[in-house]
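*Asks:* Below is a structure I'd like to ask you about.
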Amino acid sequence: MPSHAGTPEADPVRTPAGDSAREPLIEVRDLTRVYRRPRTSLTRPGEDVHALKGVSLTVHRGERFGIVGESGSGKSTLLRLICALDRPTSGSVTFGGREVAGLPERSLRFLRRSLQIVFQDPMSSLDPRMRVRDLVAEPLVALGEPVGDRVDELLDAVGLPASAAGRYPHQFSGGQRQRIAIARALAPRPEVLVADEPVSALDVSVRGQILNLLADLADELGLTLVFVSHDLAVVRHLCETVAVVHDGLIVETGPVDDVWEAPGHPYTRTLLAAVPTLEGFL
Amino acid sequence: MLTVERLSVRAEDVELVREVSFGIGPGERVGLIGESGSGKSLTALALMGLLPDGVTASGTARLGGRDLVGVPERRLKDLRGRTVSMVFQEPMTALNPLMRVGAQVAEVMTLHGVAAGRARERAVELLGRVRLPTPERIARSYPHQLSGGQRQRVMLAIALANEPDLLICDEPTTALDVTVQRQMLELIAEVAPALLFITHDLAVVASLCERVLVMYGGRVVESGPLREVFKHPRHRYTEGLLAASRLPPRGTRLATIPGAVPAAGRFPGGCVFRDRCGHATEACETAPELTAPDPTAPDPTAPEPAAPEPAAPELTGDGHAFACWHPRG
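In the order they appear, the protein sequences are chains A and B. Per this note's numbering, the very first residue in the first sequence carries number 99; after that it's consecutive. Per this note's numbering, the very first residue in the second sequence carries number 146; after that it's consecutive.
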């Protein structure tokens with residue numbers, strides 16, 4: 099049975115069954131993040147928004163971990179904190195045992211090398227004025243590493259022709275642009291690939307190509323995958339463990355098949371019931 | 146009620162939509178599906194008379210005895226928003242950010258001759274009808290003060306303001322969360338007079354529509370009753386879309402359609418799908434017609450289906466048409 103909890107303190111994060119031997123890679127403990135809204139009055143400060151209200155989770159090495167939630171749930175805030183793109187109000191995020199929460203950028207080089215991100219919309223995450231060759235090589239250049247034949251290797255790994263290197267992002271379709279974003283993320287040989295809604299902007303036929311590619315790469319390269327999506331069905335296909343985020347809390351976490359078969363929290367049930375499926379109607 | 150015959154859309158010498166024909170009866174909900182770049186939205190824009198400059202439509206589309214295609218703009222202005230109206234995908238760009246929501250709903254009525262005071266009252270009623278809480282307060286709000294789901298409800302209120310005969314929805318729920326999408330779909334099903342619903346999400350169509358049109362390369366490649374088309378797809382493109390929509394459990398490969406949709410004007414001659422189709426042969430160099438074969442006559446080109454389904458009443462084969470030389474058996 100999946101564990102579920104409605105309060106931050108009753109949130110024991112479970113190790114997926116049979117994976118107790120795997121070592122924890124990312125550990126998030128009691129994470130909170132409070133944003134302040136812009137002030138609307140001269141005399142009073144802006145309202146506080148509690149985006150995360152005490153979240154804990156563990157991602158093990160080699161695991162495929164899905165984070166599911168709707169807009170405003172706090173899943174993007176959680177993701178930004180895991181990637182050290184934002185500082186938490188309280189709590190800790192460790193990566194391979196090293197604290198990353200609140201570190202200055204110069205101390206985060208190890209994380210930038212080990213953890214890479216693929217964003218939802220490759221049109222806005224790829225610089226339109228850079229050629230694919232330079233886009234894919236950029237993370238290596240930023241880390242001061244030799245590029246060599248790495249670009250050709252990476253384009254091949256994501257199923258793009260070598261001739262793609264000389265072209266610009268706008269010359270590619272949405273699915274191909276997402277392949278470019280994946281090649282770029284894989285350039286520094288990261289341990290962890292974080293994907294934020296990487297298939298939500300894609301047509302269903304192309305979605306399959308990208309999900310297959312992510313699954314293959316995770317297998318071949320032994321990647322740890324942190325996959326954020328609003329779609330529990332996609333997470334079920336790709337991931338083994340899932341955390342359902344709602345209103346700044348993890349309301350349910352556990353092996354994805356258990357959560358899918360027997361959702362324990364009312365919100366998870368609502369979410370599952372809302373996902374339209376073909377099978378349900380045929 | 147709506148009858149579309151040989152509707153084509155072209156930009157200079159590129160044919161974007163080719164000879165699309167279909168009908169929608171009163172109260173009927175029809176889905177129009179296909180990948181981006183298949184010509185779905187252009188078909189809808191042609192029916193609304195909203196094609197961009199330099200893009201022209203030909204053929205006929207009649208709604209309740211009135212022509213929608215090839216009529217001058219001043220005649221269209223009278224029909225658009227009254228006889229036929231449309232909900233777009235992105236409510237943030239479709240709504241005027243500088244105008245209160247209530248005034249935007251009222252505006253479509255005053256444009257069609259309703260007195261200003263009456264239109265203001267009706268606007269609040271309509272906002273309540275699309276289940277917005279506290280419609281009086283929402284009417285005084287600006288679009289940015291509302292959530293995505295609320296904005297899309299406002300769009301629906303605007304579309305319904307003049308009691309149109311036909312509602313066209315172009316991906317109205319794609320940008321919404323799944324729980325909000327669910328509520329929006331239920332609402333559309335309840336209020337739509339007759340519906341043409343455009344989406345690339347087959348599961349959404351399955352939950353809403355009775356009949357479906359599958360478009361690819363600017364043509365309708367398959368059409369028919371939804372359950373029949375989805376249970377027994379004949380065109381290889383429909384088969385591919387359905388397979389790709391299924392998300393099998395972990396560890397199994399997802400079915401995909403090889404390649405990507407070509408750019409407009411780059412589709413192959415003959416069958417538009419043949420360069421991505423595993424069953425294509427020389428025969429496919431000739432364009433197949435969209436035809437509804439007599440279900441009782443055995444198809445000489447296809448092997449007999451192994452085990453005939455027990456004849457369910459909805460699977461009579463009525464109106465199930467496809468354009469494929471090598472249909473799925």
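By construction, the Cβ of each residue, glycine as well, lies at the ideal position given by its N, Cα and C atoms. The structure presented is a predicted model; accordingly, all values stated were derived computationally and were not measured.
Just the chain A side, please: which residues come within less than 9 Å of Val349 of chain B by C-beta, in chain order?
*Replies:* Reading the second sequence from its first residue, position 204 is the one you call residue 349 of chain B. Per Cβ cutoff of 9 Å: Pro374.
*Asks:* Looking at the C-beta of Val302 of chain A, does it have a partner C-beta in chain B at a distance below 8 Å?
*Replies:* For the purposes of this step, residue 302 of chain A is taken as residue 204 along the first sequence, with counting starting at 1. So, interface residue.
*Asks:* Pick helix, strand or coil for His268 of chain A, following the three-state DSSP scheme.
*Replies:* By 1-based counting over the first sequence, the position of residue 268 of chain A is 170. If DSSP states are grouped into helix, strand and coil, His268 of chain A belongs with the helices.
*Asks:* On the three-state DSSP scale, how would you describe Met244 of chain B?
*Replies:* Looking up residue 244 of chain B in the second sequence gives position 99. Three-state DSSP puts Met244 of chain B in coil, outside helix and strand.
*Asks:* By the 10 Å Cβ neighbour count, where 16 or more other Cβ atoms means buried, how is Thr431 of chain B classified, buried or exposed?
*Replies:* Looking up residue 431 of chain B in the second sequence gives position 286. When all chains shown are included, Thr431 of chain B counts as exposed.
*Asks:* Give the DSSP-derived three-state secondary structure of Ala373 of chain A in the structure shown.
*Replies:* Reading the first sequence from its first residue, position 275 is the one you call residue 373 of chain A. The identity of residue 373 of chain A in the sequence shown is Val, whereas the question assumes Ala. Of the three classes helix, strand and coil, the one that applies to Val373 of chain A here is coil, per DSSP.
*Asks:* Rounded to whole angstroms, what's the CA-CA distance from Gln328 of chain B to His328 of chain A? Just pull it up for me.
*Replies:* Within the second sequence, the letter at position 183 stands for residue 328 of chain B. Within the first sequence, the letter at position 230 stands for residue 328 of chain A. The straight-line gap from Cα to Cα measures roughly 16 Å.
*Asks:* Taking Cβ positions only, does Pro393 of chain B come closer than 8 Å to chain A?
*Replies:* Position 248 of the second sequence, counting from 1, holds the residue named residue 393 of chain B. True, the Cβ-Cβ gap to chain A drops below 8 Å.
*Asks:* So, under 8 Å CB-CB, Arg265 of chain A and Leu224 of chain A are touching, yes? Tell me the CB distance rounded to an integer number of Å.
*Replies:* Your numbering for residue 265 of chain A matches position 167 in the first sequence. Your numbering for residue 224 of chain A matches position 126 in the first sequence. Actually they are not in contact, since the Cβ atoms of Arg265 of chain A and Leu224 of chain A sit about 12 Å apart, beyond 8 Å.
*Asks:* Can you list the residues of chain B that Arg120 of chain A reaches, using a CB-CB cut of under 7 Å?
*Replies:* The residue you call residue 120 of chain A lines up with position 22 of the first sequence. Within chain B, no residue comes near Arg120 of chain A; the closest Cβ sits about 17 Å away, beyond 7 Å.
*Asks:* Using 10 angstroms around the beta-carbon of Ala360 of chain A, count the other beta-carbons present and answer buried if the total reaches 16, otherwise exposed.
*Replies:* Taking the first sequence and counting its residues from 1, one reaches residue 360 of chain A at position 262. Under this definition Ala360 of chain A is an exposed residue.
*Asks:* What residues of chain B sit near Val332 of chain A, judged by a beta carbon separation below 8 Å?
*Replies:* Locating residue 332 of chain A in the first sequence gives position 234, where the first residue counts as 1. Correct list: Leu392.
*Asks:* Suppose the cutoff is 6 Å on Cβ atoms and the five residues either side in sequence are ignored; what does the same chain contact list for Thr461 of chain B look like?
*Replies:* Walking along the second sequence from the start, residue 461 of chain B turns up at place 316. Only weak support exists for where Thr461 of chain B lies, its pLDDT of 40 falling under 50; the value from the coordinates is given anyway. Nothing listed; no residue qualifies.
*Asks:* Name, going along the chain, the residues of the stretch 219-248 of chain A whose beta-carbon falls closer than 9 Å to a beta-carbon of chain B.
*Replies:* Taking 9 Å as the Cβ-Cβ cut-off against chain B, none of the residues of the stretch 219-248 of chain A qualify.
*Asks:* Which residues of chain A have a Cβ atom closer than 9 Å to the Cβ of Arg282 of chain B, listed in chain order?
*Replies:* Looking up residue 282 of chain B in the second sequence gives position 137. What Arg282 of chain B touches in chain A: nothing, since even the nearest Cβ is about 17 Å away.
*Asks:* Can you name, in chain order, every residue of its own chain whose Cβ lies under 6 Å from the Cβ of Thr375 of chain A, other than the five neighbours on each side?
*Replies:* Within the first sequence, numbered from 1, the residue matching residue 375 of chain A stands at position 277. None.
*Asks:* Short check: CB of Val256 of chain A to CB of Arg277 of chain A, under 8 Å?
*Replies:* Here residue 256 of chain A is taken as the residue at index 158 of the first sequence, counted from 1. Here residue 277 of chain A is taken as the residue at index 179 of the first sequence, counted from 1. Yes, they are a contact pair.
*Asks:* For Pro472 of chain B and Val357 of chain B, what's the separation of their Cα atoms in angstroms?
*Replies:* As a first step, residue 472 of chain B is located in the second sequence; it is residue number 327 there, counting from the start. As a first step, residue 357 of chain B is located in the second sequence; it is residue number 212 there, counting from the start. So the alpha carbons of these two residues sit roughly 18 Å apart.
*Asks:* Rounded to a whole number of angstroms, what is the C-alpha to C-alpha distance between Val349 of chain A and Val126 of chain A?
*Replies:* By 1-based counting over the first sequence, the position of residue 349 of chain A is 251. By 1-based counting over the first sequence, the position of residue 126 of chain A is 28. Between Val349 of chain A and Val126 of chain A, the C-alpha separation is close to 15 Å.
*Asks:* Please classify Ser171 of chain A: does DSSP put it in a helix, a strand, or coil?
*Replies:* Your numbering for residue 171 of chain A matches position 73 in the first sequence. Looking at Ser171 of chain A - three-state DSSP - the assignment turns out to be coil, as it is neither helix nor strand.
*Asks:* Can you have a look at Asp158 of chain B and say buried or exposed, based on whether 16 or more other CB atoms are within 10 angstroms of its CB?
*Replies:* In the second sequence, residue 158 of chain B corresponds to position 13, counting from 1. Exposed is the call here.
*Asks:* Just to confirm my understanding: we take Thr205 of chain B, look at its own chain, exclude 5 residues before and 5 after, and list those with CB closer than 8 Å. What are they?
*Replies:* On the second sequence, position 60 is the one that residue 205 of chain B refers to. For Thr205 of chain B, where only same-chain residues beyond five positions count, the Cβ hits under 8 Å are Thr148, Val149, Glu150, Arg151, Leu152, Asp212, Val214, Gly215.
*Asks:* Do you know whose CA, among A:Arg305, A:Lys173, A:Asn310, A:Glu289, lies nearest Gly320 of chain A's CA?
*Replies:* The count along the first sequence starts at 1 and reaches residue 320 of chain A at position 222. Comparing Cα positions, the closest option is A:Glu289.
*Asks:* Check distances from the C-beta atoms of the stretch 294-323 of chain B to those of chain A and list, in chain order, the residues that come in under 7 Å.
*Replies:* Those residues of the stretch 294-323 of chain B that come within reach of chain A (Cβ to Cβ, closer than 7 Å) are Asp322, Val323.
*Asks:* Put Ala466 of chain B into one of helix, strand or coil per three-state DSSP.
*Replies:* To locate residue 466 of chain B, count along the second sequence from 1; it is residue 321. In this structure, Ala466 of chain B counts as strand in the three-state DSSP scheme.
*Asks:* Buried or exposed for Pro231 of chain B, please, with buried defined as at least 16 other CB atoms from any protein chain shown within 10 angstroms of its CB.
*Replies:* Stepping through the second sequence from its first residue, residue 231 of chain B is reached at position 86. Checking the sequence, you will find Met at residue 231 of chain B rather than Pro. The residue in question, Met231 of chain B, is buried, as its Cβ has 16 or more Cβ neighbours within 10 Å.
*Asks:* Is the distance from the Cβ of Gly464 of chain B to the Cβ of Pro370 of chain B below 8 Å?
*Replies:* Taking the first residue of the second sequence as 1, we reach residue 464 of chain B at position 319. Taking the first residue of the second sequence as 1, we reach residue 370 of chain B at position 225. Cβ atoms of Gly464 of chain B and Pro370 of chain B: closer than 8 Å.
*Asks:* Determine the direct distance from the alpha carbon of Leu387 of chain B to that of Asp346 of chain B, and round the result to whole angstroms.
*Replies:* As a first step, residue 346 of chain B must be located in the second sequence, where it is residue number 201. As a first step, residue 387 of chain B must be located in the second sequence, where it is residue number 242. When rounded, the distance between both Cα atoms is 10 Å.
*Asks:* If contacts are defined as beta-carbon pairs under 8 Å, then Pro202 of chain A and Leu129 of chain A qualify, I think. What distance do you get, rounded to the angstrom?
*Replies:* One-based indexing of the first sequence puts residue 202 of chain A at position 104. One-based indexing of the first sequence puts residue 129 of chain A at position 31. 19 Å between Cβ atoms; not a contact.
*Asks:* Between which two residues does the beta strand (DSSP E) holding Tyr382 of chain B run?
*Replies:* If you number the second sequence from 1, residue 382 of chain B lands on position 237. No beta strand (DSSP E) holds Tyr382 of chain B; the alpha helix (DSSP H) holding it covers 381-390.
*Asks:* Using only the alpha-carbon positions, how far apart do Pro403 of chain B and Ile308 of chain A sit?
*Replies:* Start at 1 with the first residue of the second sequence, and residue 403 of chain B comes out as number 258. Start at 1 with the first residue of the first sequence, and residue 308 of chain A comes out as number 210. Cα-Cα distance, rounded: 12 Å.
*Asks:* Can you list, in chain order, the stretches of the alpha helix (DSSP H) that have 4 or more residues and sit fully within the stretch 311-354 of chain A?
*Replies:* DSSP runs (the alpha helix (DSSP H)) wholly in the stretch 311-354 of chain A: 330-336.
*Asks:* If you compare alpha carbons, which of B:Glu180, B:Gly182, B:Leu192, B:Arg163 is closest to Leu340 of chain B?
*Replies:* In the second sequence, the residue the question calls residue 340 of chain B occupies position 195. Among B:Glu180, B:Gly182, B:Leu192, B:Arg163, the Cα nearest to that of Leu340 of chain B is on B:Leu192.
*Asks:* May I have the straight-line CA-CA distance separating Ile303 of chain B from Gln249 of chain B, to the nearest angstrom?
*Replies:* Position 158 of the second sequence, counted from the start, is the residue given in the question as residue 303 of chain B. Position 104 of the second sequence, counted from the start, is the residue given in the question as residue 249 of chain B. Straight-line Cα distance between these residues: approximately 7 Å.
*Asks:* If you pair each beta-carbon of the stretch 279-298 of chain B with each one of the stretch 315-328 of chain B, do three or more pairs fall below 8 Å?
*Replies:* Counting Cβ pairs under 8 Å, three or more are found: they touch.
*Asks:* Thinking C-alpha only, which one of A:Glu145, A:Pro122, A:Leu155 is nearest Thr347 of chain A?
*Replies:* The residue you call residue 347 of chain A lines up with position 249 of the first sequence. The residue you asked about is not Thr; residue 347 of chain A is Leu in the sequence shown. For Leu347 of chain A, the nearest C-alpha among the options comes from A:Leu155.
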